[in-house]
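Student:
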Amino acid sequence: MSPVGQLRALEPSDMQEVVRVQTAAFAPSLTEPPEALLCKINGFPRGAWGCFCEEELAGYIICVPWKGEKALPLGDTKVIPPEQADHLYIHDLAVHPDHRGKGVATRLVTQAIELARKTRSSRIALTSVQGSQKFWAGWGFRSRQKFEYAPGAPAVYMVRERGSHS
Ligand SMILES: CC(C)(COP(=O)(O)OP(=O)(O)OC[C@H]1O[C@@H](n2cnc3c(N)ncnc32)[C@H](O)[C@@H]1OP(=O)(O)O)[C@@H](O)C(=O)NCCC(=O)NCCS
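Each step along the sequence shown adds one to the number in numbering that gives the first Met the number 0, with nothing skipped, and position 16 is 15.
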């Protein structure tokens, strides 16, 4: 499959596009206000990328340094400084329905794994929602705990250990 779109770091000026893709990709109970997304992009710019087709955002990923074995709360406006963190957390991955099945998520997840490798992150964690568990399992993430992330939104906390990306 030939690469789709252009990958670059997300910037605060991309927020309108990020919100558009988020709204199209997630159930309403799983969407976050722009300030919750923006604080993560501003707090850890190395961890946020978008894949653009022309000027349009096809998909994005937002990763932050995180601590402990727990999900990052939805809507949270905190980011842990990298020196206090003990792993990389993929907080958000979304591809607009018009651009799915073309390898956009593959490019974005590859970026996150490369960042984990460069920063020697002990592990990568995430919260799988909307039935994406098999997608993440394909990237070497293992299920740790099932829980309800938002009302009516079952989720699975998943972890990929360093051995898979060192
Ligand atoms: C899950 C998602 C990010 C995949 O994006 P995408 O750009 O279509 O994925 P890709 O084209 O890179 O697909 C990569 C592979 O994963 C597979 N895949 C995609 N979504 C999947 C899913 N939900 N479950 C299992 N496999 C999946 C594809 O079939 C493809 O397999 P192949 O390489 O054998 O053909 C996208 O469907 C999405 O944004 N969903 C809504 C938001 C969401 O649920 N995000 C994850 C939250 S944790």
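Quick reminder that beta carbons are idealized off the backbone N, C-alpha and C, glycines included.
Which residue's Cα is closest to the Cα of VAL155: SER131, VAL63, VAL103, TRP48?
Tutor: The sequence position of residue 155 within the sequence shown is 156, counting from 1. Minimum Cα distance to VAL155 is reached at SER131.
Student: When DSSP builds the beta bridges, which residues end up paired with VAL155?
Tutor: Locating residue 155 in the sequence shown gives position 156, where the first residue counts as 1. Its beta-bridge partners are SER127, LYS145.
Student: Skipping 5 residues on each side, what residues in its chain have a beta carbon closer than 6 Å to that of GLY42?
Tutor: The residue you call residue 42 lines up with position 43 of the sequence shown. Excluding residues within five positions, the ones whose Cβ falls inside 6 Å are VAL78.
Student: Note down the Cα distance separating SER66 from LEU87, rounded to an integer number of angstroms.
Tutor: Counting from 1 along the sequence shown, the entry for residue 66 is found at position 67. Counting from 1 along the sequence shown, the entry for residue 87 is found at position 88. It is worth fixing the name first, because residue 66 is Lys in this sequence and not Ser. Rounded to whole angstroms, LYS66 and LEU87 show a C-alpha spacing of 8 Å.
Student: Regarding LYS195 and ligand 1, is the C-beta to nearest heavy atom distance less than 7 Å?
Tutor: No statement about residue 195 is possible, as the shown extent of the chain runs from 0 to 165 and does not include it.
Student: Spell out a yes or no on whether the segment 52-59 and the segment 14-24 are touching, meaning 3 or more CB-CB pairs, one atom from each, closer than 8 Å.
Tutor: The answer is yes - the segment 14-24 touches the segment 52-59, with three or more Cβ pairs under 8 Å.
Student: Assuming TRP48 and LEU92 are in contact, meaning their beta carbons sit under 8 Å apart, how far apart are those beta carbons, in whole angstroms?
Tutor: The count along the sequence shown starts at 1 and reaches residue 48 at position 49. The count along the sequence shown starts at 1 and reaches residue 92 at position 93. Their Cβ separation, rounded to whole angstroms, is 10 Å, which puts TRP48 and LEU92 out of contact at 8 Å.
Student: Between which two residues does the beta strand (DSSP E) containing GLY58 stretch?
Tutor: Looking up residue 58 in the sequence shown gives position 59. Unbroken beta strand (DSSP E) run through GLY58: 55-65.
Student: Could you check what DSSP says for ASP91 in three-state terms: helix, strand or coil?
Tutor: Along the sequence shown, read from residue 1 onward, the residue named residue 91 stands at position 92. It is a strand residue.
Student: In terms of alpha-carbon separation, which member of CYS38, ASP75, GLN15 lies closest to GLU55?
Tutor: For the purposes of this step, residue 55 is taken as the residue at position 56 of the sequence shown. Of CYS38, ASP75, GLN15, the residue nearest in Cα terms is GLN15.
Student: So the beta strand (DSSP E) ARG7 belongs to, where does it begin and stop?
Tutor: Walking along the sequence shown from the start, residue 7 turns up at place 8. ARG7 -> beta strand (DSSP E) spans 5-8.
Student: Could you tell me the boundaries of the alpha helix (DSSP H) in which TRP135 lies?
Tutor: Against the sequence shown, residue 135 aligns to sequence position 136. Start and end: 132-136.
Student: Should GLN129 be listed as close to ligand 1, given that the test is whether its C-beta is under 7 Å from any heavy atom?
Tutor: For this step, residue 129 is matched to residue 130 along the sequence shown. Yes, Cβ of GLN129 sits closer than 7 Å to a heavy atom of ligand 1.
Student: DSSP state of GLN34, grouped into three classes?
Tutor: Taking the first residue of the sequence shown as position 1, residue 34 is located at position 35. One detail in the question is off: residue 34 reads as Glu in this sequence, not Gln. Helix at GLU34.
Student: Does the Cβ of ASP103 lie closer than 7 Å to at least one heavy atom of ligand 1?
Tutor: Taking the sequence shown and counting its residues from 1, one reaches residue 103 at position 104. The question names Asp, yet the displayed sequence has Val at residue 103. Yes; taking the cut-off as 7 Å, the Cβ of VAL103 has a heavy atom of ligand 1 nearer than that.
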